[in-house]
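Everything below concerns the one structure shown next.
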Amino acid sequence: MVSDLQKIKQYAYDLSEERHFRGVLGLYDEFLASGVEITDYEIVAKGKFVKNLLQSSEQEYLYHKYMRKIRVSVCSVAIKKFGVSGD
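Below you can see the structure in the form of structure tokens.
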């Protein structure tokens, strides 16, 4: 399986549920522990999950832990719909 994953170095996940955020971050750690080389790893947050990416949340803590390793993008439609600040 690792040899198959070595052929892919870029990963992107589209998340609309909070419970999957921790799982996708754990998957990143598992890939690295298995020797999988990753050049790009992105999480796109959308839907109601965007409301939970607020300051002082568990998700913000996790984001800061991984921010130099992965990219988190937030759906602009969800930002407007739920009245969440882009910050």
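Following the working numbering, the numbering of the sequence shown begins with 257 at its first residue and continues without gaps. The beta-carbon is built from N, C-alpha and C at its ideal position, and this holds for glycine as well. The structure displayed is predicted, hence computed values, not measured ones.
Residue nearest to residue i in terms of C-alpha spacing, selected from the options
i, options, result
"residue 276", "305, 291 and 297", "305"
"residue 330", "283, 289, 321 and 299", "299"
"residue 290", "332, 335, 260 and 337", "260"
"residue 335", "308, 323, 313 and 324", "308"
"residue 281", "341, 303 and 322", "322"
"residue 294", "303, 262 and 273", "262"
"residue 297", "337, 314 and 328", "328"
"residue 301", "273, 339, 340 and 337", "273"
"residue 288", "314, 326 and 313", "326"
One or two residues paired with residue i in a DSSP bridge
i, result
"residue 335", "The partner list for residue 335 (beta bridge, DSSP) is empty, contrary to what the question assumes."
"residue 289", "According to DSSP, residue 289 bridges with nothing at all."
"residue 260", "Looking at the DSSP assignment, residue 260 forms no beta bridge with any residue, so it has no partner."
"residue 284", "For residue 284, which the question treats as bridged, DSSP gives no partner whatsoever."
"residue 329", "300"
Check whether the segment 266-273 and the segment 314-324 are in contact - that is, three or more C-beta pairs closer than 8 Å. no
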